[in-house]
Each structure stands twice: as structure tokens, then as C-alpha cells.
């Protein structure tokens, strides 16, 4: 991917661009940035620390956070919630399904809008763009009624399909395809390659950075979504992790089990954070690749 | 699996018809639409149809269990006579004003500071982006635990200095700021990344020339860096305006719109109308107003990017 | 092809087996409830006596019901409190659970749309009589003369008292009971005395990010003035001298610093347990936790003890305070006689075991429980038992009580903190609620 003209591949870009050398100014900036990072991290550290404390001890005094003993009991309690692995699986299926579907649909549509001419193309593209402005809440209720009629609630398609209509990916992919030099497919056309072949063999490989960006952001948004799964996947076998975790909270959990609540928060975020750390280099590259156009 | 099947189907269709008229590559042909058709099916069924349905519903007295009766524009009249709705519009704009410039500026500063190839910079980039992957439920939980009086992180820190922390979640002057802080913390990763990538597009030799010229940091930024990333700056601002217009989770979970509705944004108003009052018609009408507002923002985006395109 | 045929055959034969042996298939009932999940501690516990807390007790009770009734199987889905978004969505989708936990105050929303099943016949068939329940509980679930839910409790707000601070403030009677006010002036005077002697606020209240506490306080003191503010369930009257008196009192308490400010629910509990105020206004459900804290050496409540009482009667009207309750609602749908019978069994089980549920701190819904020695032996039940007669709900036909609570809470907060004056707040309250109710 880094060999293409379309991908800016910033990790391989020439050295530091903003400031050259390491002056006092640089050091001050670095120190300030590190200080900001510490402030950024503080709430997270606070939450992790709370999650490692016994609930009763926290109820007596919050200062207990600052000293031992720490315990993993809260996490063990989550793991014994019988359905928690099912919820993770559901979240993986739904997020994965949406991501896959979005990539396929948006790549095809992006190529279509960017490269091919068909009647009403521009009008259609503008309509899709207008779709970007539709707030989720404006369509939620009607969608819910629609899905009731076709009996899609409490099914995986019911949780996956609504996302496939999101216009953002089409917009992103169209922009990306447009940025690829036309000479590439014109050459292929002269070779008598079919439109699909050009798309599949020549252009699609060049869009991997955009695919990665779109895929990651889609996956993240779906993983973190709360409201649609709350009202569509209402059976506990169909709960996603966000809904499931919320359902285990007792009415007044914050006071009854602060540590437990925090461990739930950490637990629900852990898979996604690990995923992020694992792919983070790639994400940076990917975001960069897609952003500039 | 599904994509393979789709792909194959598309391939055979293409192969059958595609070879014959290569010459006329730019003619508008219906069969070319086959690439956008699958997406458009979803777009129409799951976005446009519900949208128009919602518009239709906004003209009705409706609840979750029936469409009720046609009332014309009565829901809209009610909305614009509702002080809290007008307040919610104001709150939404205020929130956009609080967050968008901050996100753009802090994002840019971080990107400038971290645009280097060192290990430290890489680690810091990871940290600043990490909060973006969390869900809104977690983000608000974290910030409630920070802001909560008595035993929150903030009051613990203030306590070390013998001071009392301000009531971020109940002082009417501070609640929106508290929500904005949590939001900036949550959303800062994306603008930073966008700016970083833009910075990396700037050819290094321009800077070398500037260094030879002995140009200062500020002058370099103003005359080289900023002009080169202007488009990204506009992009960031527009994306953030559209996103922050839809503030919901943070307000609902941190303050529930209070006190005295000073932190009720439009989407929370819609949610309350539809799900607490079961007044779907009113909620639908409010959604349409929000849609119109965002659409205006999007049109401004379009206009700006058009003009920008002519510049380039 | 092969695999398909095999699996269809397998499925068909499985179906045949199931159809042929109906007596072995337990009647399946779906139940949806809040109160959280606590599988770690009570996931398989059937010994209800061992369970503690709302979650533990309800989990164990349902486990026990399933164990005792092999012919019925209740499968539980837990939802985030209070779960009404989900429930409404399920009703709208035509796929509600059979049994659902519901507040008395929310029943009429669903009942008025014909979504709930009237239970009179079912209850009669298992020998549960309306007269078995306390007036407050029965009133909470009766709509249009029919019973729409099995009440399992009543709950209300209480004065949770730190006796150590009360002693310091000189607010203890000769017999060791706390001195509670009998009028608004006395309330304000005692709060002042408390503040001067202890240097701490009299009340611990959660006033931030909160609407329920305000509303419950407000209703209580309107009831005590015989204010019939919901004479018409579709039109509230709040621009009244009675309502003004209540708001004025709370505003005075706030202005004089006789209450904690800016705390949310969790912070208020922590503050009370840390001894930062005299009276915590909180529900029946914390009695157990506070009793436990008062029995632990070194805690603020252990120093001088913990007491809990209903709200004092501050006005000369009816002796009353606002109460709500939990119930099991049954969704309206076509059911086989076996299913209806299974539901009857389930409801009777909860009626028969209401004592176990009352160990949560909630008041029993079943009259007979009050006479049980086990109940009387529970801590502090002697002082809070009067709630059973004091407890008053809004008229049962008032709909959208959760939305109304939001409005009252918001406006009352604005009045107390001085963002609006009292008359303006009451005016807005009335207008907003009436607009809501005019558009049902």
C-alpha cells in the first residue's frame, strides 16, 4: 500500500517537519505535551484504580484508592455473570458484520460514484450527501416500527442492517477513488478489462488505507453503540456488551458497588482498547491516508 | 462470504456487457449504476423511508402504539412556543461554540507538537487517541467520577490544597463547560490525527528553505504550515460541527439536561419527547428541526469546500 | 445439500419428540426485571433466607420458584433500571415479556393503552384476594376497578438519622428517640439549632442531577396539606398557596445552608455515612446498608447509632407521605390455559413469600407480613411500619408520572437554587405538566 501514489504513508515520510533540531523551545513543548498527556490519562488511571478496590472499603473512604490492598474480585464477579461471553460474541458478530457489509457496499458505491457515469449520478450523490445530515434520532422510531413489521428485532440482521445505510462511508470512499489518477483505469480499459475487473484488480488494492479507516471507525461506532441494541435486541441472548453490562447494574449501583461499576467499565472497554493498541500504528497510517482529500 | 458472492455476480454481469463498447467510457449508462445500487437499496429503505415517515409522523398526534390523527403543523407550533425547546436550540449552539474551536485548536497544537519520528511522540499519540475508542457510557461514567463532589478525583485533588472544587455538575454556569471538557477529552484524537496526516503531506524541503531563511517558529507556521493545512482545518471544523450538533449521551448521563434545562441539547429534548412523554409527533417534529439545522451546516460545508476547490 | 437434508430431518424429529411428550416440556415464561444482576453470589442460590439485597433476594426467589415448580420455567432477562424504554419498544414491536417488573406509578401508562392483563381472575383462581394486600399496595395497582399488577412492596422516602449528631445538636428526647419537628417553623428552627451546634447541615440531600427526591418531597407536603392538586388526572393545579409553602420551606433550608448542596445520589450516601449531616432523605432500600454500617465499629453511624423514621407531619392536614411501589405486571397476549396457570402460580409464590422481599427494606405489600414475628424482628421496622397507612400515591389514573417527576424536579431545583423565583417556578411547573397531559 505504501508503494502507491494515492497513499501518503506518513510513517515513511521524511523526518520531523514542524521543527528542526532539538532546541529549548522543543523541550518546553515536549514537557507541556507530556503534562497534557498525564492529565488526559488521570481519569483513566483513577477508574482502573477504583476497579481494583473492594467495594466496602471504598464506601468507607475514597482515600482507600491510594493504598493496598488491591483485588481482582470485581473482575471475577463480572466473569461469573453467565452471559457475559455471549454478549462479547454478539458484539463481535454485530460489529464485524456491519464492518464487512459497510466495506463492501461503500467500496462498490464509492467506485461507482467516482468513476462511472449513469443517469442522475450527481443528483443521487448529492442526496446521499444530504443523508449525512440526518440525525439518528430522526429515523430511529420509524426504523423500529419497520423492523417490527418484518420481525427483525432480536435477530443479528436486525442489529446489523440499520448501520449499512450510513452515508459516511460512501462519501469517504468516493473521495478516495476520485483521488486516484484516472490514467490507471484508462490504461486498463484499453486492455479491454471489464469495469468490475478494474475495480477489483486495479483500484481496490489502492484503497486499502481508506478501507482500514472506514473499517476501524465503523467497528468502533458499532461496538460502542447503545441505543439501537437497547430497543432492538431486547432478549438477553441478543444483548450486546454495552447493553448487557448496563443491565447488570443494580438500581443504585454507584453507591453500592463503585469498584464493581468501574470494573465493568474497564471490562467493556478492554477489548476495544486492546484492538486499538494492536492496530494503532496501522490506524494512524490509515486515518492519515484517508483524511487529506 | 456475502461480498464474494456479490462480487462474483457483479463480475459476470460486467463481463457479459462490458466488453462491447469500450469506446464510450463516459456515457451515462444505467448498467453502470449497478455498483451503487446495493448501497442505495439500504440507503433508501433504512434512511430515506424512515426519514419521510418521520416527517409524516411529525404532522400527527402519535404515540408508540398508534399513528393517531393528523394535526397538520400543530406539533411545530407547539415546539416554537416551548421555551425549553428554544432553550435547547440555544444550548446546542453554545455547546458547539464551546467544543469545536477548542477541538480544532488543541488538535492542531498537539499535532504540531507530536509531528516527529521519536518513540516518545508515538507513545503520546497513542495516549491522546486512546480515549476516542471508549463508548459514551464509559466516558460519562469516568467524568462523573472525576467531577462528583466529595469523593471525585477533582475534589480529592482540590482537597490536597485545602480547597473546595467548583460544582461542575450542578452550577448552571459550569455544567455545559463540564460536558464540553468531557467531550473534548473524548473527541480530541480524531482532529489530532487528521492534522498530523496533513502535516506529514508538507514536503520537508520547504521547511529547510525556511530554516535557511532563519524564519522563526511562528512565521514558519503562518507562512508555510497553516496555508498547507487550511483544507484539513476546514474539514475538521465541519466534521466536528456536524458531530457536536448531535450531543446526547454526555448530557443525558452526566446532568440529565439540568439544572433548569441549561444543559438540555436538542437531541435530548427529542429523546425525552419520544421516549418519556411518548409524544412521538412532537419528537419527530423536533428531529426535523435538527435535521434542517444540520443540513444548513452541511450546505455551508459544501459551499466552503467548493470555494476551497477553486482556490486549489 | 446433504447436510441440509440431515439437519432438517433432525429438526423435524426433534419437533416430533417435543410434540409427542408435552408433559415433559415445562411451560416457559419470560420475565424481565430491573434490580441488577448478581450471578456471582446468588446465580444458583435457592435458599432465599441466605440472600441479601434487592438483587440477591429477587434472584434467589426466582431460582426457588423454578426449583419448586418443575412444570414451569421462568427465564429472566435483566434490564437497566427502570427499563421502560426497552419495555415500550418491546410492546411496540409486539414482543413483550410475559412478566415484567414495573412501578405502581408507571402502570397506568401501559394499562391505559390496553397492554397489561387484568389479573383479578388469575389471582382469584390461585386464592389470592385483593383484601390480602395493604391499602397502599392495592391502590397502587388498581386501575378502573381492576388489578393490573401483583404488588410486591411499597417504598417511600424516610428520615435516616445520625443519632450522634442529633445528640450533639440537643435534638434527642428523654427516651432516646430523635426530636422531630411538627411544623415548618419547627423544622427550620431545629435545622438552625443543628447547624449552630454541630457546624454541619441538618439535611443530606442529593440535589444535583436529580429529580425524584424533589418530587417526592413536594408530593408529601402537598398531601399533608390536603391539596388535591390532581383532582383532574389530566390537569394539575400547582399555582396554589400550599405548593408555595412547600417550595418556600425547601428554599429556606437551601438558602440558610441547612442542606448539603451539589451532591448527586452516590455522593449523598457517602456524605451521610461519613457523618457530614444529620438527616439523609433517602428510600426504604438503604435501611439494611445503614444498619450494617451502624453495627461496624469506627463508622460515623456507629458512634451514636442510626435511627429511621417516616417524614414528620409538618402540616395540619391528612397524615400522609408520598409512596410508590414495585409490582409484577403481566403483558396482554394470547395464552394457553397452562401458561395462565403458570403465571398464577408465579404470582401466588411472590404473594406467599412477600416477607422475604420485605427484607430488602421495602414495606410489605401483603398485610399479614406486618404481623409476622420475623418481620417485626427486622431492624427499624417498628418505626417505619406506619408507612403502610401513611403511604399515598398520586391518583392511579395519572399518566406519565416519570415525565411529570422530571418537570417538578427541574422547576423545584430552579426555585431552590434561586434560578427562578418560587411563583415563576410553580407557574412553569403547572404549564409544562398540563401541556404534557393535554397531549397524551
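Residue numbers (this note's numbering), protein chains in the order written: chain A, 1 to 293; chain B, 1001 to 1312; chain C, 2001 to 2440. Note that beta-carbon positions come from the ideal geometry of N, C-alpha and C, so glycine has one too.
Other residues of its chain near residue 2215/C: CB distance less than 7 Å, five sequence neighbours each side excluded: 2405, 2408, 2409
Cβ separation of residue 2188/C and residue 2331/C, assumed to be a contact under 8 Å, to the nearest whole Å: Not really, about 48 Å apart at Cβ, beyond 8 Å.
Residues of its chain near residue 247/A, where Cβ-Cβ distance is below 8 Å and the 5 sequence neighbours each way are ignored: 236, 239
Residue 95/A: first and last residue of the uninterrupted alpha helix (DSSP H) it sits in: 84 to 115
Residue interval of the beta strand (DSSP E) (run including residue 2031/C): 2027 to 2033
Limits of the unbroken beta strand (DSSP E) element including residue 170/A: Premise fails: residue 170/A lies in the alpha helix (DSSP H), 168 to 179, not in any beta strand (DSSP E).
Length of the line joining the Cα atoms of residue 378/A and residue 184/A: This structure leaves residue 378/A out entirely; chain A is present only between 1 and 293.
Any chain A beta carbon closer than 8 Å to residue 2277/C: no
is_contact[residue 1003/B, chain C] using C-beta, thresh 8 Å: Note on residue 1003/B: pLDDT 42, under 50, position unreliable in the model; the coordinate value appears next. No, its Cβ sits nowhere closer than 8 Å to a Cβ of chain C.
DSSP state of residue 2126/C mapped onto helix, strand, coil: coil
C-beta neighbour in chain A for residue 2079/C, strict 8 Å: yes
Anticipated Cβ contact below 8 Å, residue 2271/C with residue 2260/C, distance rounded: 6 Å
Chain E residues whose Cβ lies nearer than 7 Å to that of residue 2089/C: Structure shown: chain E not included; protein chains present are A, B and C.
Beta-carbon gap between residue 2032/C and residue 2077/C smaller than 8 Å: yes
is_contact[residue 1011/B, chain A] using C-beta, thresh 8 Å: Residue placement at residue 1011/B cannot be trusted, given a pLDDT of 44 that sits under 50; what the coordinates show is reported in the next sentence. Interface residue, yes.
Interface residues of the stretch 1158 to 1176 of chain B facing chain C [CB-CB below 8 Å]: 1167, 1169, 1170, 1171, 1172
Cβ pair count under 8 Å reaching 3, the stretch 2301 to 2314 of chain C against the stretch 2144 to 2159 of chain C: yes
Cut-off 6 Å between Cβ atoms - residues of its own chain near residue 1042/B, not counting five sequence neighbours on either side: none
Closest Cα partner of residue 1095/B within the set 1046/B, 1173/B, 1156/B, 1206/B: 1173/B
Contact list for residue 1057/B against chain A, beta-carbon separation under 9 Å: 141, 142
Distance between residue 1127/B and residue 41/A (C-alpha atoms, nearest Å): 7 Å
Bounding residues of the beta strand (DSSP E) (the contiguous stretch that carries residue 144/A): That residue, residue 144/A, is in no beta strand (DSSP E); its alpha helix (DSSP H) goes 136 to 149.
Cutoff 8 Å: residue 1090/B Cβ touching any chain A Cβ: no
Paired residues, beta bridge with residue 2281/C - DSSP: 2159/C
Under 8 Å by beta carbon: chain A residues contacting residue 1042/B: 105, 161, 164, 165
Backbone CA spacing between residue 1050/B and residue 1028/B [nearest angstrom]: 30 Å
Listed by chain order, chain B residues near residue 2247/C by CB distance under 7 Å: By Cβ distance, chain B contributes nothing, its closest Cβ being about 14 Å from residue 2247/C, past 7 Å.
8 Å Cβ cut-off: residues of chain B touching residue 2270/C: 1150, 1151
Which of helix, strand or coil DSSP assigns to residue 2363/C: strand
Range covered by the alpha helix (DSSP H) that runs through residue 188/A: 183 to 190
Identity of the residue in 2248/C, 2086/C, 2373/C nearest residue 2416/C by Cα: 2248/C
Cross-chain neighbours of residue 46/A in chain B, by beta carbon under 8 Å: 1142, 1145, 1146, 1153
For residue 2422/C, three-class secondary structure by DSSP: helix
Within chain A, partners of residue 1270/B - CB distance below 7 Å: 137
Integer-rounded CB distance, given that residue 2027/C should sit under 8 Å from residue 2042/C: In fact, because the Cβ distance is near 24 Å, the residues do not count as touching under 8 Å.
Beta-carbon proximity list for residue 2239/C, same chain, < 8 Å, skipping 5 on both sides: 2423, 2426, 2427, 2430
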